[in-house]
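In the numbering used here, the protein residues as written are 4 to 247.
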């Protein structure tokens, strides 16, 4: 099995593509940007080469309900929708790392250290996405901040319990959410912005973020494979030992 890894995209490059502090919108100066044409598949099961992702019905039902809610709350407000998604998208990795820390502290599964490293890299990547959306004014409205932060807290605890019950289901649901993020950023081609190094336009930034989310989808899918655990365990056992 091939090692799980994130796309080698320099995070510093993404950070420098955001507007500098002096150009960022203040609380009373909303960032103006044209509406994004929403993907017609945004609230339908995400597509991948080869067909529709197969998910348990209750997972799929919750996912479609969330997509419908986002379509209503953030209609013609793409930047705010992106900021909401990036705020919530970090929570699965916090949940997984918390449980893996607990398992290791109890001595149940020390091989989870490799998974923690992967999930930390994903969370760090999402943090930079969030900073970009904040620099574009995605968090200016009190309602958006209230909705995103409370949803993030709820999502954290839900996934925490789900990961204890079934890591496969937790990764399964996260895979769907990440795919929704891919579809959402894919629909942002109508956004036009000033050129900023090293990305030439805001579309380039969104394209990079979309590709990152695609990598997260692949990681979530791989983590559902039972062979991942044995592969990680073997890598840990084959690694160098201090004092060896």
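We put the beta carbon where it would ideally sit given N, CA and C, even for glycine.
Give me, in chain order, the residues of the same chain whose beta-carbon lies closer than 6 Å to that of residue i; leave out the 5 immediate sequence neighbours on both sides.
i: residue 86; result: 136, 141, 142
i: residue 66; result: 179
i: residue 132; result: 89, 212
i: residue 110; result: none
i: residue 163; result: 98
i: residue 153; result: none
Please report the Cβ distance between residue i and residue j, rounded to the nearest whole angstrom; I am assuming they are in contact, meaning their Cβ atoms lie under 8 Å.
i: residue 93; j: residue 60; result: Actually they are not in contact, since the Cβ atoms of residue 93 and residue 60 sit about 27 Å apart, beyond 8 Å.
i: residue 102; j: residue 166; result: 5 Å
i: residue 186; j: residue 83; result: At roughly 17 Å, the Cβ-Cβ gap does not stay under 8 Å, so residue 186 and residue 83 are not in contact.
i: residue 177; j: residue 95; result: 4 Å
i: residue 155; j: residue 91; result: 5 Å
i: residue 159; j: residue 209; result: Not quite, the Cβ-Cβ distance comes to about 26 Å (not below 8 Å), so this is no contact.
Between which two residues does the alpha helix (DSSP H) harbouring residue i extend?
i: residue 74; result: 60–76
i: residue 128; result: 115–138
i: residue 165; result: 145–168
i: residue 80; result: Run containing residue 80: none; DSSP gives neither H nor E here.
i: residue 98; result: 94–108
Give the straight-line distance between the Cα atoms of residue i and residue j, rounded to the nearest whole angstrom.
i: residue 99; j: residue 119; result: 8 Å
i: residue 122; j: residue 75; result: 31 Å
i: residue 64; j: residue 124; result: 29 Å
i: residue 212; j: residue 107; result: 32 Å
i: residue 116; j: residue 171; result: 18 Å
i: residue 128; j: residue 149; result: 23 Å
i: residue 228; j: residue 130; result: 26 Å
i: residue 73; j: residue 234; result: 38 Å
i: residue 144; j: residue 161; result: 26 Å
i: residue 204; j: residue 139; result: 13 Å
i: residue 45; j: residue 70; result: For residue 45, the predicted model reports a pLDDT of 40, less than 50, meaning its position is unreliable and no value from the coordinates is stated.
i: residue 151; j: residue 224; result: 25 Å
i: residue 77; j: residue 218; result: 25 Å
i: residue 68; j: residue 157; result: 16 Å
Only counting the same chain, and skipping five residues up and downstream in sequence, which positions put a Cβ closer than 7 Å to that of residue i?
i: residue 216; result: 181, 184, 185, 188
i: residue 52; result: Residue placement at residue 52 cannot be trusted, given a pLDDT of 34 that sits under 50; what the coordinates show is reported in the next sentence. Here the set comprises nothing.
By Cβ distance below 8 Å, which residues in the same chain neighbour residue i in space, the five residues on each side in sequence not counted?
i: residue 112; result: 103, 106
i: residue 62; result: 172, 175, 176, 179
Is residue i near the ligand NAP, with its Cβ less than 7 Å from a heavy atom?
i: residue 78; result: No copy of the ligand NAP appears in this structure; indeed no ligand is present at all.
Does any residue of chain B have a CB that is nearer than 8 Å to the CB of residue i?
i: residue 120; result: Any reference to chain B falls outside this structure, which holds one protein chain only.
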